[in-house]
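2 protein chains.
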Amino acid sequence: MAKQPGATTNSAPNFSDDPMIRVPKAAELIAERIRRRIVLGELKAGDALPSESDMMGEFSVSRASLREAFRVLEAESLIEVKRGAHGGARIKLPKDEMAAKSVGLLLQMRGATLKEVLHARLIIEPSLARALAEARTDEDIAVLRQHLEWERTHLNDYKVFALATAEMHRILVQRSGNVPLALMVGMLDDIFRRHVTQFVARSRADQLELNQASLDGHTQLVDMIVARNGEAAEAVWRRHMQRVKDVVIEELGETTVLDLY
Amino acid sequence: MAKQPGATTNSAPNFSDDPMIRVPKAAELIAERIRRRIVLGELKAGDALPSESDMMGEFSVSRASLREAFRVLEAESLIEVKRGAHGGARIKLPKDEMAAKSVGLLLQMRGATLKEVLHARLIIEPSLARALAEARTDEDIAVLRQHLEWERTHLNDYKVFALATAEMHRILVQRSGNVPLALMVGMLDDIFRRHVTQFVARSRADQLELNQASLDGHTQLVDMIVARNGEAAEAVWRRHMQRVKDVVIEELGETTVLDLY
DNA sequence: ATGGGCCATTTATTATACTATAAATCCGTA
DNA sequence: TACGGATTTATAGTATAATAAATGGCCCAT
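Structure follows, in structure tokens:
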């Protein structure tokens, strides 16, 4: 039987991979048990974990092992630990930025480009615009209109308007109702933002013009959503995002994703 | 000035967030420095880090702090630590599964449903089919054809065919050339697979029929890619994935994503 | 050659001590 | 009584040392 085609993910050399049995370390086991209690809802955000000495007894491990477990959960953004009286470990609800960090790391190591990140959003978001247009509620409309108003009143303030633009995308993605996709776009946005803010945040000479174009695009989208015209909403939004992408690429080139560190 | 609309990501209570200054812990600083050296390429996959005692000297920290840093990097899947002679920490190139784990955790906590995960792929993949069709090389064709052949010869072996099906999606996504999107789909696939394998992996009565339908879909896609017909490739693939989604949903219902743990 | 046993290396885990931090409390003064 | 500052105290942060366990290499006897 021939080897199945395309079996290698990439051309990386085959370092002794995972097949071997792994002896779980104490810290991992502890982290796993605590994590389980969190995702199962036994521990809710804001809850305090027992003190280190208590947990040492509960898990029958040394303080060192317990603290190693804490570092792991902290890295996963599942807990945060403060010191001082009434300090200790508290459950925290992890935010998108966390996942975005892992993904960004992976993308950077794979040499993904900024262009690709923008293109990914360009692929995803128009579909969400369509979905929202086809399933919108009156509340969606209200929120979108209110947001447009906000953008209109800050057309000149390029910093506020930049925020508003990002917020528009967020509203769209969030209200389209698909949690995984919303997370994906959120991560891509986070990566994009972390990348560009490392570079100049200056305003362009034609900033007002650009802002006006953005506002137009947003307005057209809302119109199509109001009209429940999914097809048109998708088209409008794709055109809009293509323009945005072109501007950004023109500005920053097609360098590799480099933001973290 | 009115509060900007839709500012809250979700209705979570506002626990004392990040605004406070954070005293970085020794372990975090160490992890950061090592991570930096990895992403900057100073340390390549397979390289061995110095022994713990050496690094204690290099960073001027205690063994405990150093080991906490190791646990963090281990959790990020950037290193792996073996003990014994010639053991120690070695750089490892992180795999998709890592990011998938964080994302899956987040999705589970947000109550995302299996249906949504499938729908996300349904949104993304057809666009990739189109992109590949429009930019395919002869090598792409060769790989795809070879894969189809493989599927054809294993139509009856439902376990192998299931693998082949997943592989088909992977080839498509990988060859479409967008690293971030490939990663996204890869993660969704990983989450999907981890979820379903917790349930029955039994074969259905009409398995052969289903397999044949899948193979037909795949064949049609490859035909359209060969013809460089992006429009049709996208349509074919959307229809195919919609069918797959329907079958899975019918089988498993619309329960929440629950896979980890 | 092959297998067994010893040894050096290196992480895993534990134990203990000391330090740093921050909340809570107490107390004196206005 | 109200305020502000010193003190107490619970808690995590770091350091050090000692022991356990795993791993790989080496030598030797068969």
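Protein chains in written order, with the numbering used here: chain A, 39 to 299; chain B, 39 to 299.
Beta carbons: idealized from backbone N, C-alpha and C, even for Gly.
Remember, it's a predicted structure, so these values are computed and weren't measured experimentally.
Candidates the options, of which the one nearest residue i by Cα
i, options, result
"B:Val181", "B:Val264, B:Ile287, B:Ser140", "B:Val264"
"B:Gly84", "B:Gly125, B:Asn249, B:Arg266, B:His278", "B:Gly125"
"A:Lys120", "A:Ala113, A:Arg208, A:Arg128", "A:Arg128"
"A:Asp178", "A:Ile209, A:Glu205, A:Ser165", "A:Ile209"
"A:Thr203", "A:Gly215, A:Glu163, A:His256, A:Gln184", "A:His256"
"A:Ser122", "B:Val61, B:Ala270, B:His157, B:Ser115", "Contrary to the premise, residue 122 of chain A reads as Gly rather than Ser in this sequence. When only C-alpha atoms are compared, the closest one is B:Val61."
"A:Lys142", "A:Pro164, A:Gly224, A:Arg266", "Before going on, a small fix: residue 142 of chain A reads as Gly here, not Lys. Checked all of A:Pro164, A:Gly224, A:Arg266; the closest Cα to A:Gly142 is A:Gly224."
"A:Arg159", "A:His207, A:Val198, A:His185", "A:His207"
"B:Pro164", "B:Met262, B:Val286, B:Ile287", "B:Met262"
"A:Ile287", "A:Glu96, A:Leu111, A:Arg73, A:Glu154", "A:Glu154"
"B:Gln280", "B:Glu114, B:Gly95, B:Leu156, B:Phe108", "B:Leu156"
"B:Asp195", "B:Leu219, B:Arg101, B:Leu248", "B:Leu248"
"A:Ala173", "A:His185, A:Glu118, A:Asn216, A:Gly95", "A:Asn216"
"B:Phe230", "B:Ile72, B:Ser91, B:Lys139", "B:Lys139"
"B:Leu246", "B:Arg266, B:Gln212, B:Ala200", "B:Ala200"
"B:Phe97", "B:Asp228, B:Ile72, B:Asp176", "B:Ile72"
"B:Lys82", "B:Asn267, B:Leu131, B:Trp275", "B:Leu131"
Cutoff 8 angstroms: residue i Cβ touching any chain B Cβ
i, result
"A:Ala137", "yes"
"A:Leu226", "yes"
"A:Pro132", "yes"
"A:Arg266", "no"
"A:Arg231", "no"
"A:Leu259", "no"
"A:Glu106", "yes"
"A:Val211", "no"
"A:Ile287", "no"
Assigned secondary structure, residue i (DSSP; H/G/I helix, E/B strand, else coil)
i, result
"A:Val99", "coil"
"A:Val295", "coil"
"A:Ala127", "strand"
"A:Ala86", "strand"
"B:Val119", "strand"
"A:Asp244", "coil"
"A:Val211", "helix"
"A:Gly268", "helix"
"B:Gly224", "helix"
"B:Val61", "coil"
"B:Asn216", "coil"
"B:Thr235", "coil"
"A:Lys139", "helix"
"A:Leu104", "helix"
"A:Gly79", "coil"
"B:Ala133", "A small fix is needed here, since residue 133 of chain B is Lys in this sequence, not Ala. Correct three-state label for B:Lys133: coil."
"B:Glu66", "helix"
"B:Met262", "helix"
"A:Glu114", "coil"
CB contact below 8 angstroms: residue i versus chain A
i, result
"B:Met216", "A quick correction: the sequence has Asn, not Met, at residue 216 of chain B. So, interface residue."
"B:Ser165", "yes"
"B:Ile117", "no"
"B:His278", "no"
"B:Leu67", "no"
"B:Val77", "yes"
"B:Ala150", "yes"
"B:Pro62", "no"
"B:Val155", "yes"
"B:Glu177", "no"
"B:Phe53", "With a pLDDT of 36 at B:Phe53, under the threshold of 50, the predicted position of this residue should be treated as unreliable, though the coordinate-derived value follows. By this cut-off, B:Phe53 is an interface position."
"B:Leu248", "no"
"B:Pro57", "Since pLDDT at B:Pro57 reaches only 46, below the 50 mark, its modelled position is unreliable, and the value read off the structure follows with that caveat. Closer than 8 angstroms: no."
"B:Ser140", "yes"
"B:Ala158", "yes"
"B:Gln245", "no"
"B:Tyr196", "no"
Sequence-distant residues of the same chain with beta carbon closer than 7 angstroms to residue i, five excluded per side
i, result
"B:Gly149", "Thr294"
"A:Val99", "Ala64, Ile68"
"B:Val37", "Beyond the ends of chain B as shown, which are 39 and 299, falls residue 37 of chain B; an answer cannot be given."
"A:Val282", "none"
Beta-carbon contacts of residue i that lie in its chain and below 6 angstroms, excluding the five residues immediately before and after
i, result
"A:Leu253", "Glu189"
"B:Ser214", "Leu166, Ala169, Leu170"
"B:Leu145", "Val295"
"B:Glu106", "Ala65"
"A:Glu292", "Thr151, Lys153"
Chain-order list of residues whose beta-carbon lies under 8 angstroms from that of residue i (same chain, five-residue window excluded)
i, result
"B:Leu221", "Asp134, Ala137"
"B:Glu269", "Arg168"
"A:Gln250", "Leu193"
"A:Val110", "Ala65, Glu66, Ala69"
Complete alpha helix (DSSP H) runs within the region 148-204 of chain A (minimum length 4 residues, chain order)
Those alpha helix (DSSP H) runs which fall completely within the region 148-204 of chain A and span 4+ residues are 152-173, 176-191.
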